[in-house]
Amino acid sequence: MSKKLFLSLLTACALQFSFAQQNSLKSFPKGSTPKEIGKKLAYHFIGSRHELYAGKWMHYASVCAWNGALDYALKTNDKELIKLLQDKFEPFFTYEKSLLPPMNHVDYNMFGSLALKLYQITKDERYRELGLAYADTQWEVPADAKAEEKAWAEKGFSWQTRLWIDDMYMITVVQGEAYKVTGDKKYLDRAAKEMVMYLDELQRPNGLFYHAPDVPYYWARGDGWMAVGMPDLLRMMPEDHEDRPRIMEGYLKMMESLKNHQQPSGMWNQLIDEPTFWAETSGTAMFAYAFVVGLQEGWLDAAEYAEPARKAWLAMIPYIDQRNNVTEVCIGTGKKNDKQYYYDRPRNPGDLHAQAPYLWCAAALLAE
Numbered sequence: 091m092s093k094k095l096f097l098s099l100l101t102a103c104a105l106q107f108s109f110a111q112q113n114s115l116k117s118f119p120k121g122s123t124p125k126e127i128g129k130k131l132a133y134h135f136i137g138s139r140h141e142l143y144a145g146k147w148m149h150y151a152s153v154c155a156w157n158g159a160l161d162y163a164l165k166t167n168d169k170e171l172i173k174l175l176q177d178k179f180e181p182f183f184t185y186e187k188s189l190l191p192p193m194n195h196v197d198y199n200m201f202g203s204l205a206l207k208l209y210q211i212t213k214d215e216r217y218r219e220l221g222l223a224y225a226d227t228q229w230e231v232p233a234d235a236k237a238e239e240k241a242w243a244e245k246g247f248s249w250q251t252r253l254w255i256d257d258m259y260m261i262t263v264v265q266g267e268a269y270k271v272t273g274d275k276k277y278l279d280r281a282a283k284e285m286v287m288y289l290d291e292l293q294r295p296n297g298l299f300y301h302a303p304d305v306p307y308y309w310a311r312g313d314g315w316m317a318v319g320m321p322d323l324l325r326m327m328p329e330d331h332e333d334r335p336r337i338m339e340g341y342l343k344m345m346e347s348l349k350n351h352q353q354p355s356g357m358w359n360q361l362i363d364e365p366t367f368w369a370e371t372s373g374t375a376m377f378a379y380a381f382v383v384g385l386q387e388g389w390l391d392a393a394e395y396a397e398p399a400r401k402a403w404l405a406m407i408p409y410i411d412q413r414n415n416v417t418e419v420c421i422g423t424g425k426k427n428d429k430q431y432y433y434d435r436p437r438n439p440g441d442l443h444a445q446a447p448y449l450w451c452a453a454a455l456l457a458e
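Residues in the sequence shown are numbered from 91 upward in steps of one, following this note's numbering.
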């Protein structure tokens, strides 16, 4: 065989292998397809009660699940589901108006992302007005702001900045949706500037993130917010945006570390680097989503990441019980410098912290 022919065959094999890897995210066994799983979880969400903060305001986990259900409905062109999700929101304009979160915290302001997503579907100006109010007040310093909050604002950051890794979903999601709605680059620049600063301040040499600077543990869902926030932001950034290279660097560094810490089962554990800890579903779904988006955008090598992404999705499915509740979900968790604390955290079936990223995954896998 000639050298030229050998190289041609080698190239053909490589292309065929690459195609097979990419195709592995398009074909799943019956009962585990993204369309089936997404439909179960989205319609399950329709019948659920609002999750509230201390019985007062909409909880961000509900917003995350709502956004995921909308994404799924759009990907499947399920007009009935879109209408049901819209109807579920309508009372916020009338008798449930008191449940709207105040505009004074990252976890509250991210509610605006839902209204802005609904505006893109319906073109109803009420959604646009409500959503932009949440996006804008994230940068409008209130008169009673603390000195530290004012200091962040003076540097060009949101006064709601906390240097908690959660923020890189909570801030970027509402600013990103505002950018999509208005086309105003200020919203994109806000999110990008914050993301770069958080990466510079918080990302560890191994690509992961401590739960907090004084809590040296890699808690799965905490890292999940970063894993989702980065690719979502990168997808809407022009190639020539000045902050894109830094965010891409942080994203790729994190993805490589996550690939290396995936358990043989396909899951990731409650503490990412602790092989004896239990498999946790919300973090796993977030990491799977980050892989899927990276593969679809061509940022991740299919030969390295397609199989881990597929393995994660298939591993996630058995954790959905007969009531369509995702199980093995760590409840809301504040920081604590105690490893046992993370192992002992209660697990709440049906917790929207996991229902949401499962829906994100289903919708992402349905992309063209």
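Cβ atoms here follow ideal geometry from the backbone N, Cα and C, with glycine treated the same way.
In this structure, Ile-261 places its C-beta atom within 9 Å of the C-beta atom of Val-196. Look at Gln-412 here: in three-state DSSP terms it is coil, with no helix or strand label. Residues of the same chain with a CB within less than 7 Å of the CB of Asn-438, apart from the 5 flanking positions on each side, are Val-419, Ile-421 in chain order.
The alpha-carbon of Lys-169 is positioned some 23 Å away from that of Lys-116. Counting C-beta pairs closer than 8 Å gives three or more between the stretch 343 to 361 and the stretch 293 to 302, which meets the contact rule. In the structure shown, Asn-194 falls within a coil segment according to DSSP collapsed to helix, strand and coil.
When the Cα atoms are used, Val-318 and Asp-177 turn out to be separated by approximately 28 Å. Ala-268 sits buried, since 16 or more C-beta atoms from the chains shown fall within 10 Å of its C-beta.
In the three-state DSSP reduction, Val-305 falls in the strand class (E or B). Taking the Cα positions, Asp-290 is about 20 Å away from Gln-265.
Per the Cβ contact rule, the stretch 231 to 242 is not in contact with the stretch 206 to 219 (fewer than 3 Cβ pairs under 8 Å). Under the three-state reduction of DSSP output, Asn-359 falls in the strand class. In the assembly as shown, Arg-325 is an exposed residue. Its beta-carbon has fewer than 16 other beta-carbons within 10 Å. Judged by their CB atoms, Gly-158 and Ala-446 are nearer to each other than the 9 Å cut-off. Look at Phe-183 here: in three-state DSSP terms it is helix.
In this structure, DSSP gives Arg-437 an extended state, which the three-state scheme calls strand. Beta bridge pairing from DSSP links Met-148 with Leu-142. Listed in chain order, the alpha helix (DSSP H) runs fully inside the stretch 214 to 296 are 215 to 227, 237 to 244, 257 to 272, 275 to 292, counting runs of at least 4 residues. When the beta-carbon positions are compared, Leu-208 and Phe-201 stay at least 9 Å from each other. Assignment of beta-bridge partners to Cys-451 by DSSP yields no partner. Spanning the alpha carbons of Leu-385 and Met-376 requires a straight line of approximately 14 Å. Sixteen is the threshold: since fewer than 16 other Cβ atoms of the shown chains lie within 10 Å of the Cβ of Pro-232, the residue is exposed. Taking 9 Å as the cut-off, the beta carbon of Asp-226 is found no closer than this to the beta carbon of Trp-315. Closest by C-alpha distance to Asp-441, out of Thr-371, Trp-249, Trp-389, is Thr-371. Per DSSP, the unbroken alpha helix (DSSP H) holding Met-316 starts and ends at 310 to 326. A distance of 9 Å or more separates the beta carbons of Gln-430 and Pro-398.
About 14 Å separates the beta carbons of Cys-451 and Ala-396, which is beyond the 8 Å limit, so they are not a contact pair.
Rounded to whole angstroms, the Cβ separation of Gln-210 and Lys-125 is 22 Å, and the two are not in contact under 8 Å.
Apart from sequence neighbours up to five positions away, the residues of its chain that approach Leu-174 with a beta-carbon distance below 7 Å are Ile-136, ordered along the chain. Between Ala-453 and Asp-161 the beta-carbon gap is near 4 Å, inside 8 Å, which marks them as a contact. In the structure shown, the three-state DSSP call for Phe-381 is helix.
In this structure, DSSP gives Ala-369 an extended state, which the three-state scheme calls strand.
In this structure, DSSP gives Phe-299 an extended state, which the three-state scheme calls strand. Restricting attention to Tyr-308, Tyr-341, Asp-411, the CA atom closest to the CA of Tyr-432 is found in Tyr-308. Closest by C-alpha distance to Ala-282, out of Glu-332, His-301, Lys-245, Trp-249, is Glu-332. When rounded, the separation of the alpha-carbon atoms in Met-327 and Pro-354 is 34 Å.
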